[in-house]
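Comments concern the structure below.
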Amino acid sequence: MGKRGKKARAGKLTRKEIDKRLDALVEKLEEELKSGNLFAPLPPTEDCPVCLLFLSRMPNESVYHPCCGNFICLACVKERDEFIETQNDKSICHTCPFCREAKPSTEGALRQLEARIEQNDANTL
Numbered sequence: 043m044g045k046r047g048k049k050a051r052a053g054k055l056t057r058k059e060i061d062k063r064l065d066a067l068v069e070k071l072e073e074e075l076k077s078g079n080l081f082a083p084l085p086p087t088e089d090c091p092v093c094l095l096f097l098s099r100m101p102n103e104s105v106y107h108p109c110c111g112n113f114i115c116l117a118c119v120k121e122r123d124e125f126i127e128t129q130n131d132k133s134i135c136h137t138c139p140f141c142r143e144a145k146p147s148t149e150g151a152l153r154q155l156e157a158r159i160e161q162n163d164a165n166t167l
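Following this note's numbering, the numbering of the sequence shown begins with 43 at its first residue and continues without gaps.
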C-alpha cells in the first residue's frame, strides 16, 4: 500500500476496535441495569388541588398555572371554562380555578413564568 492508502485508513476504525468498543458499551449498560431496580414502584402522583383526584402523568392531561405554581387537571379547567361560557354575565372572566387570578395576557404569562424560574420552580422547565 502506498502513502495514500495509509492516510485514507488512518481515521477509520478496524473491525476489532469496533467490537471492543461495543463490548465495553454492552458491559456498561448491563452494569447499569443490574444496579437499578427496574420494577420499583413509581413515585406517588400529586393530587389536583381543586377536585383532589390524582393528576395524570401525561403532560397533555394537566395544566400548569404559573400564577399559583400548581398543576390542575384538565377536567377542572374544562369544567370551569364551560361554566363561564354558559353564564350570560360578562363580568365573569376566565380565572385560575385554584387561586382565582384572572387569566393573564401572553406577555403577562411570560412574566409569571420568568418569576417562577427565578424562584427555581422545577415545574416551569
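Positions of the beta carbon are idealized from the N, C-alpha and C atoms, including for glycine.
Under a three-way DSSP split, which group does residue i fall into?
i	result
F96	strand
N112	strand
D61	helix
D163	coil
T56	coil
S77	helix
When the Cα of residue i is compared with those of the options, which residue comes out closest?
i	options	result
P146	Q154, D61, K58	Q154
I159	C118, C110, E127	C110
I114	I60, S98, E127	S98
Apart from the five residues on each side of it in sequence, which residues of its chain come closer than 7 Å, Cβ to Cβ, to residue i?
i	result
D89	L95, F96, L97
C118	C90, V92, C93, P139
Since residue i contacts residue j with CB under 8 Å, what's their CB separation in whole angstroms?
i	j	result
L116	E127	Not a contact, Cβ separation roughly 16 Å.
**OP:** Evaluate the contact criterion for the segment 133-141 versus the segment 110-122: three or more CB pairs, one atom per stretch, below 8 Å.
**Re:** yes
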